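Residue numbers (numbering that gives the first Met the number 0), protein chains in the order written: chain A, 0 to 215; chain B, 0 to 215. The beta-carbon is built from N, C-alpha and C at its ideal position, and this holds for glycine as well. All values reported here derive from a predicted model rather than from experimental measurement. One structure is given below, encoded as structure tokens.
Number of protein chains: 2
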Amino acid sequence: MGRKKNKDIIPHEAIRRLSLYLRALKWLSRKKIKVVSSDEITKYLNTIPAQFRKDLSYFGGFGKRGVGYNVEALIREIEKILGTNMVWDIALIGAGKLGTALLGYAGFMEFNLKIAIAFDNDRSKAGRVFGNIRIEPISRMKKEIREKKIKIALLTVPAQYAQKISEDLVQCGIKAILNFAPVNLHLANDIHVAHVDMASELGSLVYRLKHKSSHK
Amino acid sequence: MGRKKNKDIIPHEAIRRLSLYLRALKWLSRKKIKVVSSDEITKYLNTIPAQFRKDLSYFGGFGKRGVGYNVEALIREIEKILGTNMVWDIALIGAGKLGTALLGYAGFMEFNLKIAIAFDNDRSKAGRVFGNIRIEPISRMKKEIREKKIKIALLTVPAQYAQKISEDLVQCGIKAILNFAPVNLHLANDIHVAHVDMASELGSLVYRLKHKSSHK
DNA sequence: CATTTCTTGTGAAAAAAGTAACAAATGGGC
DNA sequence: GCCCATTTGTTACTTTTTTCACAAGAAATG
Ligand SMILES: NC(=O)c1ccc[n+]([C@@H]2O[C@H](COP(=O)([O-])OP(=O)(O)OC[C@H]3O[C@@H](n4cnc5c(N)ncnc54)[C@H](O)[C@@H]3O)[C@@H](O)[C@H]2O)c1
Ligand SMILES: NC(=O)c1ccc[n+]([C@@H]2O[C@H](COP(=O)([O-])OP(=O)(O)OC[C@H]3O[C@@H](n4cnc5c(N)ncnc54)[C@H](O)[C@@H]3O)[C@@H](O)[C@H]2O)c1
């Protein structure tokens with residue numbers, strides 16, 4: 000029951016939604032709820048029951064007909080699918096305003112992601128501590144990331160340095176980058192890049208606002 | 000030349016891409032480039048020429064065949080489409096680690112968006128200044144937002160307060176919210192909500208990393 | 001154990017988004 | 001003014017994603 004099936008290609012958006020399902024499930028778990036139906040859980044999510052079920056069905060059958068989904072079991076299954084059933088160490092580059100805010104953010108642990116090390120090229124910042132992380136001088140970046148075998152980086156440096164630093168990161172073994180700088184990174188295409196772009200997000204909001212179409 | 004046409008429905012993603020086009024065009028403008036073809040500009044973007052042209056074609060014909068697009072003129076056109084051809088005042092609620100980082104962020108002005116006022120319920124924060132903005136006590140929020148006719152808010156309060164505060168915001172006239180708290184807001188559906196969710200973004204990155212599929 | 005009530009998992013249909021291809025402009029050279 | 005090299009705008013096509021609808025499985029009831 001519940002073997003992985005690869006006959007269908009998995010929608011990119013379905014993966015992103017898995018994270019949201021996981022968060023909702025953990026919330027239900029904290030509320031001591033043992034079982035949930037696709038109908039109930041999607042009340043808290045921005046989607047419909049059919050999509051929840053379909054998304055899960057790409058990976059197997061995790062529910063019980065007539066009953067619903069076991070919350071704890073589904074949490075474990077989704078963590079296994081996402082790969083967040085183990086702790087991943089992350090590096091942060093650029094301990095400025097945004098970078099230090101992220102260093103103090105507990106929310107990454109929700110997905111078993113832990114900022115393990117942070118770098119900045121401002122010598123006066125080296126040695127300072129934010130949220131248990133001591134800032135290291137940028138000169139040690141390549142060595143440390145390579146040694147610690149870190150694969151994921153948060154990039155919070157000014158836009159003009161982002162491309163160069165991301166190339167350095169790739170050189171020392173980084174495979175995935177969450178980029179906060181407002182530039183497109185051009186990297187080998189086995190490097191996974193996601194872009195958090197608040198300003199352009201606001202841009203679309205203004206459009207929707209102006210055109211008064213109802214949201215979603 | 001270039002009349003708006005509404006016969007087609009406009010893909011949601013096309014709007015988001017407009018913001019990216021705008022940013023690229025402004026960069027070209029700073030480099031004193033006067034004219035650009037869809038081929039050239041998409042070298043800097045994560046897309047192909049056909050999509051650039053198609054996206055623009057939803058709103059009109061802004062280029063010149065055999066030549067390309069006038070950079071300055073296209074900037075003005077896109078700003079007009081997005082509605083960022085005028086300054087929009089924004090309110091920020093929750094001047095904590097992330098909120099104060101945003102207060103010091105210059106990147107919103109790229110889209111003519113200006114954080115005009117900020118609120119926090121921690122009395123000890125009221126009066127402190129970040130990036131030219133003085134933090135106001137939360138008790139003045141409704142009055143000030145209503146008086147200043149602010150329509151857009153950045154929500155950076157802890158997750159458990161986000162729903163309640165967003166309802167207050169709607170009450171005093173806010174129409175669009177950029178939500179940073181890891182919860183889904185349930186609001187009337189003429190209220191536009193966008194969600195910046197770094198943790199879940201990282202979740203999908205881990206999946207892609209584990210499954211080694213080439214990015215994009 | 002037959003019946004009823006739920007709720008999943010999944011093909012099939014529908015909708016949406018993205019890509020390709022090309023006719024129609026444009027401008028420059030000669 | 002005519003040809004040639006460009007590059008747009010748009011229609012037609014392809015792929016991807018979402019939604020629907022329902023058969024099949026599971027428990028509860030009497
Ligand atoms: N502040 C925000 O809220 C915000 C919001 C969205 C996006 N961003 C983006 O995030 C990035 C950082 O923004 P910020 O506001 O934190 O800026 P910041 O200037 O406060 O921080 C940048 C940090 O990067 C460091 N740095 C500069 N060059 C470096 C290098 N070569 N190697 C290592 N470290 C280097 C600086 O010393 C500084 O500490 C920018 O690209 C910005 O556009 C910021
Ligand atoms: N820090 C980050 O980098 C980060 C990253 C992603 C998401 N977030 C999310 O952003 C939100 C804020 O995170 P943070 O790290 O800045 O937390 P924080 O605790 O540093 O800041 C929260 C601020 O909100 C204020 N606040 C609390 N209740 C309030 C209320 N009812 N009205 C007005 N203000 C109120 C607090 O006084 C505090 O200043 C959280 O929901 C968090 O999950 C933060």
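Going by DSSP, what residue range makes up the alpha helix (DSSP H) through residue i?
i: B:PHE51; result: 48-56
i: A:ALA158; result: 158-170
i: B:GLU200; result: 197-210
i: A:LEU17; result: 11-29
i: B:ARG133; result: Segment 132-136 is the beta strand (DSSP E) holding B:ARG133; no alpha helix (DSSP H) there.
i: A:ILE144; result: 140-146
i: A:ILE176; result: Per DSSP, A:ILE176 belongs to no alpha helix (DSSP H); it is in the beta strand (DSSP E), 175-178.
i: B:ILE40; result: 37-40
Where do the ends of the beta strand (DSSP E) carrying residue i lie?
i: A:GLY67; result: 67-69
i: A:ALA94; result: Note, A:ALA94: premise wrong, no beta strand (DSSP E); not H, not E.
i: A:HIS289; result: Nothing in the structure corresponds to residue 289 of chain A, since chain A is present only between 0 and 215.
i: B:ILE114; result: 112-119
i: A:ILE32; result: No beta strand (DSSP E) holds A:ILE32; DSSP gives it neither H nor E.
i: B:ILE151; result: 151-154
Note down, in chain order, each residue of its chain lying with its Cβ closer than 7 Å to the Cβ of residue i, except the 5 sequence neighbours on either side.
i: A:ASP196; result: PRO181
i: A:ILE14; result: none
i: A:VAL70; result: LEU24, LEU27, SER28, ILE32, LYS33, VAL34 and VAL35
i: A:VAL66; result: VAL34
i: B:ILE9; result: TYR57
i: B:ARG22; result: GLU109
i: A:MET85; result: ASN111
i: B:ILE74; result: LEU21, LEU24, LYS25 and SER28
i: A:ARG122; result: PRO136
Cβ atoms of residue j and residue i: under 9 Å apart, would you say?
i: A:PHE58; j: A:GLU76; result: yes
i: A:ILE92; j: A:ILE137; result: yes
i: B:ASP88; j: B:ALA105; result: no
i: B:LYS174; j: A:LEU208; result: yes
i: B:VAL205; j: A:PHE110; result: yes
i: B:SER165; j: B:LEU184; result: yes
i: B:THR83; j: B:LEU112; result: yes
i: B:ARG52; j: B:SER37; result: yes
i: B:CYS171; j: B:LYS141; result: yes
i: A:LYS211; j: B:ASP167; result: no
Closer than 8 Å: is that where the CB of residue i sits relative to any heavy atom of ligand 3?
i: B:LYS141; result: In the structure on display, ligand 3 does not appear, and the ligands it does have are ligand 1 and ligand 2.
Kindly list the residues whose CB is nearer than 6 Å to the CB of residue i, restricted to its own chain and excluding five residues on each side of it in sequence; keep chain order.
i: B:LEU177; result: LEU153 and ALA193
i: B:ALA90; result: ILE116, ILE144, ILE149 and ALA152
i: B:GLY62; result: TYR68
i: A:PHE107; result: none
i: A:ASN277; result: Since the first residue shown for chain A is 0 and the last is 215, residue 277 of chain A is missing from the structure and cannot be characterised.
i: B:ALA54; result: Residue identity check: residue 54 of chain B is Asp in the sequence provided, not Ala. Answer for B:ASP54: ALA13 and ARG16, listed in chain order.
Which residues in the same chain have their Cβ closer than 8 Å to the Cβ of residue i, if we skip the five residues on either side of it in sequence?
i: B:ARG139; result: PHE118
i: B:LEU97; result: THR155 and PHE179
i: A:ILE47; result: THR41
i: A:ILE134; result: ALA94, ALA117, PHE118, ASP119, LYS124, ALA125, GLY126, ARG127 and VAL128
i: B:GLU12; result: none
i: A:HIS191; result: LYS174, ALA175 and ILE176
i: B:GLU39; result: GLY67
i: B:GLN50; result: ARG16 and THR41
If residue i and residue j are in contact, beta carbons under 8 Å, what's the gap, nearest whole angstrom?
i: B:ALA94; j: B:PHE129; result: 7 Å
i: B:ALA72; j: A:ALA100; result: At roughly 38 Å, the Cβ-Cβ gap does not stay under 8 Å, so B:ALA72 and A:ALA100 are not in contact.
i: A:ILE132; j: A:LEU102; result: 5 Å
i: B:THR202; j: A:SER56; result: The sequence as given places Gly at residue 202 of chain B; Thr does not occur at that position. Wrong, their Cβ atoms sit about 19 Å apart, outside the cutoff.
i: A:SER169; j: A:ALA158; result: Reading off the sequence shown, one finds Val at residue 169 of chain A, where the question assumed Ser. Not confirmed; about 18 Å, so no contact.
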